[in-house]
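Below: the structure, in C-alpha cells.
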Amino acid sequence: MNAVSQSASPPIESMPKPAMLDVESIRRDFPILQRKVHGKPLIWLDSAATAQKPQAVIDRVSRFYEHENSNVHRGTHTLAEEACDACERARTRVAAFLGAFSMLEIVFVRGTTEGLNLLAAIFSESLLRPGDEIVLTAAEHHANIVPWQFAAKKTGAVIRVAPVDDNGDIILEEYEHLLGPRTRVVSITHISNVLGTVMPIREMTALAKRHGATVVIDGAQGVPHRRVDVQEIGCDFYVFSGHKLFAPMGIGAVYGRMEMWEQMPPWQGGGNMVEQVTFENSTFAPPPKRFEAGTPALAPAVGLGAAIDYLNGIGLDAIEQYETALLDYALEGIRSVNGLRLIGQPRDRGGVISFVMDGIPDMEVARVLDAEGIAVRAGTHCAQPILARFGLESTVRPSFAFYNTRAEADMLVDALRRIGCRR
Ligand code: PLP
Numbered sequence: 001m002n003a004v005s006q007s008a009s010p011p012i013e014s015m016p017k018p019a020m021l022d023v024e025s026i027r028r029d030f031p032i033l034q035r036k037v038h039g040k041p042l043i044w045l046d047s048a049a050t051a052q053k054p055q056a057v058i059d060r061v062s063r064f065y066e067h068e069n070s071n072v073h074r075g076t077h078t079l080a081e082e083a084c085d086a087c088e089r090a091r092t093r094v095a096a097f098l099g100a101f102s103m104l105e106i107v108f109v110r111g112t113t114e115g116l117n118l119l120a121a122i123f124s125e126s127l128l129r130p131g132d133e134i135v136l137t138a139a140e141h142h143a144n145i146v147p148w149q150f151a152a153k154k155t156g157a158v159i160r161v162a163p164v165d166d167n168g169d170i171i172l173e174e175y176e177h178l179l180g181p182r183t184r185v186v187s188i189t190h191i192s193n194v195l196g197t198v199m200p201i202r203e204m205t206a207l208a209k210r211h212g213a214t215v216v217i218d219g220a221q222g223v224p225h226r227r228v229d230v231q232e233i234g235c236d237f238y239v240f241s242g243h244k245l246f247a248p249m250g251i252g253a254v255y256g257r258m259e260m261w262e263q264m265p266p267w268q269g270g271g272n273m274v275e276q277v278t279f280e281n282s283t284f285a286p287p288p289k290r291f292e293a294g295t296p297a298l299a300p301a302v303g304l305g306a307a308i309d310y311l312n313g314i315g316l317d318a319i320e321q322y323e324t325a326l327l328d329y330a331l332e333g334i335r336s337v338n339g340l341r342l343i344g345q346p347r348d349r350g351g352v353i354s355f356v357m358d359g360i361p362d363m364e365v366a367r368v369l370d371a372e373g374i375a376v377r378a379g380t381h382c383a384q385p386i387l388a389r390f391g392l393e394s395t396v397r398p399s400f401a402f403y404n405t406r407a408e409a410d411m412l413v414d415a416l417r418r419i420g421c422r423r
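Residues 1 to 423 (our numbering) make up the sequence shown, in order.
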C-alpha cells in the first residue's frame, strides 16, 4: 500500500462493522424452509448438492411463463422480443456477477458438467496435441475429471494431478513442479465439494500463466460462497451451475475471455448458432451464440438473473462473513462429537464439512439425520479420487448456506451425539 492510500484509510474505530444478516427474514424468502419432514422442521444442510430457491426466483420463472414465454426469434413478434430481452438481461447480470468484461463472454449451458464438457470437447479439436499435459488437482469432482479423460484419449494428451496435503490444502510446490512447457490446460476447482477447501485460484492461475496454459476454474461450489472476479483471478474460463446458486436447475454459465471464444470452433450444431447454412457448408455466429445451439433454457436463465439480483440485494461479502462464522461454529460442535473424524481441515473453507463416524456407515448416519428432519448428503459426492486420497469410499457431508442458522448447527450436533451413543 502506498503512503497516499494509507493516509486515505479510515481509522479502525470508524471502519464498518462486519455486516450482519437478518437470517430470520432471509429464511422467510425460501418457502421450502417452512416445510416439515417426518413431522420435524426441515433443516436443509445439502446446499452443495442443490441450493433452495427464494420466492423471488420462483416468481420470476412463473412470470416468464405467464407473460413472456416464447422461443427466441427476435423481430418476429412481441413475446419473442420480450423473451430475448429477458434472456439477454440475465446474461448481463451473470457477466457483472463474475466481473466479466462483456456480456458476450457468457455462454449459457445446462450446468457445470455441460460447461466443462463443452471446453474439453472443443479443446480436443482445437488446442490439445499428443504429449500435451492437462493439470488437475486431487480434489476434483468427476465433472472436472471425466471430460478431460475423454479429451486425453482423443488427442494423446496426458493428465497430471496436483496433490493435496492431509488437511486437504493444495501442495503448491508440487503443483508448481507439475507445470512446464507441455502444460496446455489447467482445470481446477474453486472450492472442493468434499473438503470445502478454497483453492488459491489466483496464485494457481498466475503460476499456470507463466507457462502459457489455458486456465479453467470449476466454480460450482465457488460462486455460492465467494465473490468472484474473473479478471482479478486472471483465468480464461470460469464455469458454474445455476441450481447451486439459488437459481433453477437446467441453467449454468461458462465465462470465457473473448479472445479465447473467438478462436474456438462450435461444439454442437443446430439452430441459433449459425449464420448461413447450405447442404455443403455452414458459417457460424459470433460468440456467445456460436456455442448455444438449439432452444436455450430461457425460463431458467431468467431465474438465474433473478437469483443474482437476490444475492446482490443481500451482499456477497456479508454472505461470506456470515457463512464463515457459521461454519466455524458448526465445526466446533462437530469436532466435539465422540467417534467422529473430520476429513480435511483446510486453511480456508467454503460451505461444506465432511466427516465419518467410527463403526457407523455414512448412509446410516444420513438416514437417522433425515428422520430428524436434517438433510445431509452421504456417499461419494461424485469425487471418488479425493476420497481415495483419504482412504475412504464415502463421507457424510453437511453443507451450509446463508439461510442456515446456529440453532440448526446445534441440532445437527445434538443428533450426531445421539447417533454416536448408539454404538
Ligand atoms: N463441480 C463441483 C465442484 C461440484 O460440486 C459439482 C456438483 O456437485 C459439479 C462440478 C457438477 O455440477 P452439476 O451437476 O450442476 O453440473
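Here a beta-carbon is modelled for each residue, glycine too, at the ideal position from N, C-alpha and C.
Within 8 Å, strictly: CB atoms of G351 and S399: yes
Buried or exposed (CB count within 10 angstroms, at least 16 for buried), N404: buried
Span of the beta strand (DSSP E), counted from its first residue to its last, around G379: 377-379
Proximity winner among D362, S25, R35, relative to G373 (alpha-carbon distances): R35
Pairwise C-alpha distance: E292 and L118: 10 Å
Proximity of M411 and I32 at Cβ, strictly below 8 Å: no
Cβ contact (3+ pairs, closer than 8 Å) linking the stretch 162-169 and the stretch 315-324: no
Meets three-Cβ-pair contact criterion under 8 Å: the stretch 127-134 and the stretch 192-212: no
Start and end residues, beta strand (DSSP E) containing Q276: 274-277
D414 CB to nearest heavy atom of ligand 1 below 7 Å: no
Of the residues I171, G391, A306, the one placed nearest R91, counting alpha carbons only: A306
Spatial neighbours of M249 in its chain, beta-carbon cut-off 6 Å, leaving aside the 5 residues before and after: H243
Beta strand (DSSP E) runs contained entirely in the stretch 200-284, provided each spans 3 or more residues: 214-218, 237-241, 252-256, 274-277, 282-284
Contained beta strand (DSSP E) runs [length at least 3] in the stretch 322-356, N- to C-terminal order: 340-342
Ligand 1 heavy atom lying under 7 Å from the CB of K244: yes
Close beta carbons around R406, own chain, < 7 Å, minus the five adjacent residues each side: L326, Y329
Neighbour-count burial assignment, E133, 16 or more Cβ in a 10 Å radius: buried
Proximity test, C395 beta-carbon vs ligand 1 heavy atom, cut-off 7 Å: Note on identity: in this sequence residue 395 is Thr, with Cys being the wrong assignment. No, Cβ of T395 sits at least 7 Å from all heavy atoms of ligand 1.
Supposed contact pair N144 and A187 - C-beta distance, whole angstroms, cut 8 Å: For the sequence presented, residue 187 should be read as Ser rather than Ala. Yes, they are in contact, since the Cβ atoms of S187 and N144 sit about 6 Å apart, within 8 Å.
Distance CB(V425)-CB(G359) smaller than 8 Å: This structure does not reach residue 425, given that the chain is present from 1 up to 423, and the question cannot be answered.
Contacting residues, own chain, Cβ-Cβ under 6 Å from P10 (five flanking each side not counted): Here the model assigns P10 a pLDDT of 36, short of 50, so the residue's position is not dependable and the matter cannot be decided.
Sequence-distant residues of its chain with Cβ nearer than 8 Å to E82 (five each side left out): H67, E68, S70
The stretch 287-301 touching the stretch 51-65, judged by at least three CB pairs closer than 8 Å: yes
Local conformation of S62 per DSSP, three classes: helix
For K53, the three-state DSSP class (helix, strand or coil): coil
Cα-Cα separation, H381 to S124: 27 Å
Cβ-heavy atom distance, G111 to ligand 1, below 7 Å: yes
Element boundaries [alpha helix (DSSP H), containing T295]: Here T295 belongs to no alpha helix (DSSP H), and DSSP marks it neither H nor E.
Any non-hydrogen atom of ligand 1 within 7 Å of N144 CB: yes
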